[in-house]
Structure formats: C-alpha cells, structure tokens
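**Q** Numbers 1 to 300, taken from full-length UniProt numbering, label the letters of the sequence shown in order.
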Amino acid sequence: MSTDSPARPRLTVGYLATPSGDDGIALAVAIARKTGAAIDLVCVVHPVPYDGHPGVEQYQARLENQAATWLAAGAARIPDDIETRTVVVVDESFTDGLIGLAQQARAEMIVVGGTGDGLISRHTLGTVSTELLHSAPLPVALAPRGYADRTGVALDMVTVAVPVKPTTSNPLPFALAFAEQAHLDLRLVSLVSLESPFDDDVSRSARARRVEVVRDLLEKTRATVDSDLDIEVLVADGPTLDEALDNLQWDDNDLVAVGSGHLGAENRVFLGSTAARILRWTTAPVLVVPRSGDTTSASS
Numbered sequence: 001m002s003t004d005s006p007a008r009p010r011l012t013v014g015y016l017a018t019p020s021g022d023d024g025i026a027l028a029v030a031i032a033r034k035t036g037a038a039i040d041l042v043c044v045v046h047p048v049p050y051d052g053h054p055g056v057e058q059y060q061a062r063l064e065n066q067a068a069t070w071l072a073a074g075a076a077r078i079p080d081d082i083e084t085r086t087v088v089v090v091d092e093s094f095t096d097g098l099i100g101l102a103q104q105a106r107a108e109m110i111v112v113g114g115t116g117d118g119l120i121s122r123h124t125l126g127t128v129s130t131e132l133l134h135s136a137p138l139p140v141a142l143a144p145r146g147y148a149d150r151t152g153v154a155l156d157m158v159t160v161a162v163p164v165k166p167t168t169s170n171p172l173p174f175a176l177a178f179a180e181q182a183h184l185d186l187r188l189v190s191l192v193s194l195e196s197p198f199d200d201d202v203s204r205s206a207r208a209r210r211v212e213v214v215r216d217l218l219e220k221t222r223a224t225v226d227s228d229l230d231i232e233v234l235v236a237d238g239p240t241l242d243e244a245l246d247n248l249q250w251d252d253n254d255l256v257a258v259g260s261g262h263l264g265a266e267n268r269v270f271l272g273s274t275a276a277r278i279l280r281w282t283t284a285p286v287l288v289v290p291r292s293g294d295t296t297s298a299s300s
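So this is what it looks like as structure tokens:
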C-alpha cells in the first residue's frame, strides 16, 4: 500500500509590482492559510523581437531580471510558513503565460487583483483579469481593490451564488469541495427580481411568490448536500437585481463563488451578466468557476 502523502494544492498568482498585485498576493495568502496550498508567484514578460541589432539578448535578460526582482519583493509579503516559488515566464500574452504556468503546475486556481482604478473595496477589471474571466480553463479568484490593506482577514465562509436560470453553470459542486477542503461555512444565495418598472402591489406579490419558490428550492438543494458543513440559505430580493444585491450583507471574511454564463465554452470561465453585476456590487473576493455540463439551478 502506498504511503505517499497527497500532493499539496497550488495557487498560481499573477503578479505585477503594483497595489493590485499586492491585493492578489493577500487573497492567495488567505486561501493558502485555509487550504495548505503552495503559491506560485508569476510575472510574465514579453519577448523582445530580434531586429538584427546587437544587444537583444542582454535587453531580454534585463527585463527578466527586473521581473525576478519584483517577484522577490512580492514574495516577501508572503509568510515564511507558506511554500512559495517565484517564476518568470516569457510570453507574448500575460494571460496566456499565466494560464500555461497554471496548467503546467496543475494549479487549483489562478489568483489576481483587479486594477488600481475604481472604488476601494470594489472590483475593477483590467486587461489581464478581463481576459482571464472570459477564457481561463480553471477557476479564477479576483481580489477587490485595497484587499491587501485589510487587517485580520481570515476566510470563514463561501457564499455561493446558486443560479435561478438553468442556462447558468452551477458553481456549487466546486464551491462545496473547496469549502470542505478549507473548513469554511457555506451560504447558498439566490437573487430574485422581476426587473419590472413598477413597484406596485401586483409586482410585490409576484416577487414574494417567487421568493418562496426559490427559498423552497434552495432548502431542497441544502438537503442534497452530503456534508457536515454549516450551511445557510438566503434569498436576496428587490424590484431590480441591483437592489436585490444591495440587500446582501458582505463580510471581510467572505469569498463569493459564481458560475460562468451560457455563452462561454464548456470547461472555461466566462463572466456572465449576473455574475458581472455581483462582481460590481460585492466587497468580497470573487471566485469564478468554469462552465460545466451541470446547469442545475434553483429553479430547475
């Protein structure tokens, strides 16, 4: 009988020497603390095209050395008890280089920050994060702006956006496995809104009936989860989706898991319209799970 211990899970963290790069590191550390994962801190540099002039190789080496210096500074932000390696990747595309390294390392997910623009504690997508959220073949975790400045962060709950539309891939299977691995509580959330221009008795009554239907289905979903985790069920509703989202309370120690939209390829991340609005509203990190063949929803 083999006595080999299971391989340590790995996180691929895309890094630039910017505040958003530090946000990504902070999220990776929070996840590694709970899962025991190792961190691959990665910086991608473009290859210098050969133009017939001397010195190209030396210039390329300077770029790679600069990236290695940035990575060393970033790695210094990671506690010593978390296994870490730094990797400089040469690729025409930062996104492709990051995905390639993640696949080679068999990472569980890619972790990045957003951009330095936008509101503190909110999500703002840059070029790399946008490309990842529309093409990555493995889950992508995105840190909100300023996440590195939060103190005492310790993940304690995964909030799962259980879709009410059967066309949206359900992130629950991955989120459940992650929560069990990390010993986190689970909160199952569905959003209900009629997107009606009217806020009259008829509209409110229709929404109330919809809330009861969705809550009942969420309870049935909870009953099918074979786990010892503490599982909460919540329906957030409002006249519009944005108002429903505004009624949700987010905690510094939350991680929000969302599925991919139906327009994306199977086994790829694709940020759908509802997930994009969740991303815009939440102050918690967001984990986007690739689209799978499972489109079970709270209304199916």
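Just so it is clear, CB atoms sit at the ideal spot from N, CA and C, and this is done for glycine as well. Since the model is a prediction, treat every value here as computed from it, not as a measurement.
1. Short check: CB of serine 227 to CB of leucine 155, under 8 Å?
2. Rounded to whole angstroms, what's the CA-CA distance from phenylalanine 178 to serine 135? Just pull it up for me.
3. With the cut-off set at 8 Å, would you say valine 289 and proline 144 are in Cβ contact?
4. What are the boundary residues of the alpha helix (DSSP H) that glutamine 127 is part of?
5. With a threshold of 16 other CB atoms inside 10 Å of the CB of proline 285, please say whether the residue is buried or exposed.
6. Taking alanine 275 as the reference, give the member of Leu234, Asp230, Leu191 and Asp201 with the closest Cα.
7. Classify leucine 41 as helix, strand or coil using the three-state DSSP reduction.
8. So, helix, strand or coil for methionine 1, using DSSP?
9. Compare the beta carbon distance of threonine 86 and leucine 132 with 8 Å and say whether it is the shorter of the two.
10. Please determine if the segment 34–50 and the segment 60–77 are in contact, where contact requires at least 3 C-beta pairs separated by less than 8 Å.
11. Classify glutamate 108: buried if its beta carbon has 16 or more other beta carbons within 10 angstroms, exposed otherwise.
12. In whole angstroms, what is the alpha-carbon distance linking aspartate 66 and arginine 291?
13. In the structure shown, what three-state DSSP assignment does threonine 159 receive?
14. Can you give, in chain order, each stretch of the alpha helix (DSSP H) that sits fully within the UniProt domain "UspA" (166–290) and has at least 4 residues?
15. Is it buried or exposed for tyrosine 50, if we count other Cβ within 10 angstroms and need 16 for buried?
16. So if DSSP puts valine 56 in a beta bridge, which residue, or which two residues, is it bridged to?
17. Can you tell me where the beta strand (DSSP E) holding isoleucine 78 begins and where it ends?
18. Any idea which residues DSSP pairs isoleucine 110 with across the strands?
19. Pair every Cβ in the segment 255–263 with every Cβ in the segment 232–245, then say whether three or more of these pairs are closer than 8 Å.
**A** Let's see:
1. As a position in the sequence shown, residue 227 is number 227, starting the count at 1. As a position in the sequence shown, residue 155 is number 155, starting the count at 1. Their beta carbons are not under 8 Å apart, which means serine 227 does not touch leucine 155 by this criterion.
2. For the purposes of this step, residue 178 is taken as residue 178 along the sequence shown, with counting starting at 1. For the purposes of this step, residue 135 is taken as residue 135 along the sequence shown, with counting starting at 1. About 21 Å.
3. The residue given as residue 289 occupies position 289 in the sequence shown. The residue given as residue 144 occupies position 144 in the sequence shown. Not in contact: valine 289 and proline 144 (Cβ atoms no closer than 8 Å).
4. By 1-based counting over the sequence shown, the position of residue 127 is 127. Correcting the residue identity first, residue 127 is threonine in this sequence and not glutamine. Judged by DSSP secondary structure, threonine 127 falls within the alpha helix (DSSP H) whose first and last residues are 127–132.
5. As a position in the sequence shown, residue 285 is number 285, starting the count at 1. Residue environment: proline 285 is assigned as buried (16 or more neighbouring CB atoms within 10 Å of its CB, all protein chains considered).
6. Your numbering for residue 275 matches position 275 in the sequence shown. The option with the nearest alpha carbon to alanine 275 is Leu191.
7. Residue numbering aside, residue 41 sits at position 41 when the sequence shown is read from its first letter. Strand at leucine 41.
8. Locating residue 1 in the sequence shown gives position 1, counting from the first residue. Confidence at methionine 1 is low in this model, with a pLDDT of 37, below 50, so its placement is unreliable and the value that follows should be read with caution. Looking at methionine 1 - three-state DSSP - the assignment turns out to be coil, as it is neither helix nor strand.
9. In the sequence shown, counting from the first residue as 1, residue 86 sits at position 86. In the sequence shown, counting from the first residue as 1, residue 132 sits at position 132. Their beta carbons are not under 8 Å apart, which means threonine 86 does not touch leucine 132 by this criterion.
10. As far as the Cβ criterion goes, the segment 34–50 touches the segment 60–77, which means the pair count is three or higher.
11. Numbered from its first residue, the sequence shown carries residue 108 at position 108. Under this definition glutamate 108 is a buried residue.
12. Here the question's residue 66 lines up with position 66 in the sequence shown. Here the question's residue 291 lines up with position 291 in the sequence shown. Just to set this straight, residue 66 is glutamine in the shown sequence, not aspartate. Between glutamine 66 and arginine 291, the C-alpha separation is close to 37 Å.
13. Mapped onto the sequence shown, residue 159 falls at position 159. If DSSP states are grouped into helix, strand and coil, threonine 159 belongs with the strands.
14. With a minimum length of 4 residues, the unbroken runs of alpha helix (DSSP H) contained wholly in the UniProt domain "UspA" (166–290) fall at 172–182, 201–224, 241–246 and 273–281.
15. Here the question's residue 50 lines up with position 50 in the sequence shown. When all chains shown are included, tyrosine 50 counts as exposed.
16. Position 56 of the sequence shown holds residue 56. The beta-bridge partner set that DSSP reports for valine 56 is empty.
17. Mapped onto the sequence shown, residue 78 falls at position 78. For isoleucine 78, there is no enclosing beta strand (DSSP E), as DSSP marks it with neither H nor E.
18. In the sequence shown, the residue the question calls residue 110 occupies position 110. DSSP lists Thr12 and Val140 as partners of isoleucine 110.
19. Judged by Cβ distances under 8 Å, the segment 255–263 makes no contact with the segment 232–245, as fewer than three pairs qualify.
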